[in-house]
Structures are given as C-alpha cells and as structure tokens.
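End of the sequence shown = 195 in this note's numbering, gap-free, step of one. Beta carbons: idealized from backbone N, C-alpha and C, even for Gly.
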Amino acid sequence: MKSTTEQPQSLAPTFLVAMPQLQDPNFSKSVVLLCEHHDSGAMGLVINRNTDALASEIVDFDPPPASDSGLEVSIGGPVDPGRGWLLLSEQLNDAVEIAPGLYLSASSELLRELVEGTRPGCRSRFLVGYAGWGPKQLDRELADSAWLTVPVNRHLLFDAPAEDVWELAIRQLGIDPAALAMGGGIH
9 MKSTTEQPQS
19 LAPTFLVAMP
29 QLQDPNFSKS
39 VVLLCEHHDS
49 GAMGLVINRN
59 TDALASEIVD
69 FDPPPASDSG
79 LEVSIGGPVD
89 PGRGWLLLSE
99 QLNDAVEIAP
109 GLYLSASSEL
119 LRELVEGTRP
129 GCRSRFLVGY
139 AGWGPKQLDR
149 ELADSAWLTV
159 PVNRHLLFDA
169 PAEDVWELAI
179 RQLGIDPAAL
189 AMGGGIH
C-alpha cells in the first residue's frame, strides 16, 4: 500500500546562507553547513564565526597536550556551546561522512591528536555549539526566504577567511551580495 504522506527531501548536505532580513544576531551574515535535515528537525554548523581562542586553551585535556598545533575554535551555533565538533577532510576514527570528502566527529581522542599535530595531512576545523531547528522550523524559514542554499564548497570550509565566507557563498550563485533586497525581517 502506498503512503499518502510523502517524506520531504532532505536538503543536507548544503550551505545555508543567511539573507539580510534574518535579524537573529546568532545568524546575521552566517553560513551554516547543514549536516542533517529530517521531519524531526535539522542540525548544522555555522562555519564563519571564528574566535581568537585555541582548542588547547578551552578544552580541559587530562593530561595536557604534548604539543599545540594551534587549532582554532569557531562558534558552530548557539545550541549546546559546551559541545565540540570536528569537521575533517578525511575519514578518521569514528568520523561520519556528511558530504563527499567531508567528515564530522565529536571524538575527544581525535581532538587531542589534531591539537598535538599528529594528523598533519588532515584539514580540520573545531567548532563549539551548533545550529538546531525543530520540526518543520527550517522549512518555514526557507519558505520565508530567510536562507539561500548553496552547494557545499571545501574552499569556504578550510581556506577562505571567515569574514569573506558569506559574500563568497552568495557569489558562488552568481549573485552580487549588494543586490540582495532587505525584506521584512525574520527573527
């Protein structure tokens, strides 16, 4: 028997690029790597909110790391800021592939290895917190034109300066960011 309710297509993985009318300070001019998108909600990581802190300074390693690679901390979103995430360019340990050639892990053991610099070939980002949406919340925000969707681009994740990521993501669609109209404001 055929179901009468269709399951919506998951948008993950994709970049969500905040439109100018999105006035929530947590997401103003943000780019979010959407990792999961289901009927029950969505989860992603803001990729353009860097800090001046190093992972070795904010994570309580016991014992302390033997060396420090200088792995920086980014703010992945306002939800659960005590939780850390690793975005990786290769599959290591328990990392799960979330896009082709892009992996996600929450392993403290792997974080230690990256801080100590024992995985020199792996590109990585360490983020704290995440962006979360309840059931259908992201779908409503998309319908209200709060976000643009842009294909995942490893250059924006690992190479582009954080302050340029929003503009570069929009330009990836062939749109001049200055041409985006300011709408009614979505909170």
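Contact set for residue i: own chain, Cβ-Cβ below 6 Å, skip 5 residues either direction
i: S64; result: P73, D76 and V123
i: V173; result: V39, N56 and L164
i: Y111; result: L96, Q99, A103 and E105
i: S18; result: H45
i: P89; result: V136 and G137
Cβ neighbour criterion (16 or more within 10 Å) applied to residue i
i: S48; result: exposed
i: T22; result: buried
i: V87; result: exposed
i: S11; result: Because S11 sits at a pLDDT of 41, beneath the cut-off of 50, its placement in the model cannot be relied upon, and the following sentence gives the value as read from the coordinates. Counting Cβ neighbours within 10 Å, S11 comes out exposed, since fewer than 16 surround it.
i: I83; result: buried
i: R133; result: buried
i: A187; result: exposed
i: L181; result: exposed
i: A151; result: exposed
i: E117; result: exposed
i: G109; result: exposed
Neighbourhood of residue i by C-beta, 7 Å cutoff - its chain only, sequence neighbours within 5 removed
i: F69; result: R120
i: A177; result: F23, V25, V39, V158 and L164
i: R78; result: Just to set this straight, residue 78 is Gly in the shown sequence, not Arg. L62, listed in sequence order.
Candidates the options: closest to residue i by CA position
i: V54; options: P71, V81 and L150; result: V81
i: R127; options: L188, S97 and G84; result: S97
i: G129; options: A151, S115, F166 and N161; result: F166
i: R91; options: P28, Y138 and T59; result: Y138
i: A170; options: P33, G78, P89 and D60; result: D60
i: S113; options: I183, R131, L94 and L188; result: L94
i: R162; options: N58, L41, Q29 and A20; result: L41
8 Å Cβ shell around residue i - same chain, five flanking residues per side excluded
i: R179; result: P185
i: F35; result: A26, V54 and A139
Checklist entry - How about the segment 39-53 and the segment 143-161: do they share at least three Cβ pairs that are nearer than 8 Å? => result Touching, per the Cβ criterion.
Checklist entry - Would you say the segment 154-161 touches the segment 97-104, given that touching needs at least three Cβ pairs under 8 Å? => result Taking 8 Å as the limit for Cβ pairs, the verdict is that the segment 97-104 does not touch the segment 154-161.
Next on the checklist: Report the start-end ranges of each alpha helix (DSSP H) in the segment 99-160 that is 4 residues or longer and not cut off at the edges.
Outcome noted: Within the segment 99-160, the complete alpha helix (DSSP H) runs of at least 4 residues are 116-124 and 145-151.
Checklist entry - Which runs of the beta strand (DSSP E) fall wholly inside the segment 38-105 and span at least 3 residues, in chain order? => result For the segment 38-105, whole beta strand (DSSP E) runs of length 3 or above, ordered along the chain, are 39-46, 49-54, 58-62, 80-83 and 87-96.
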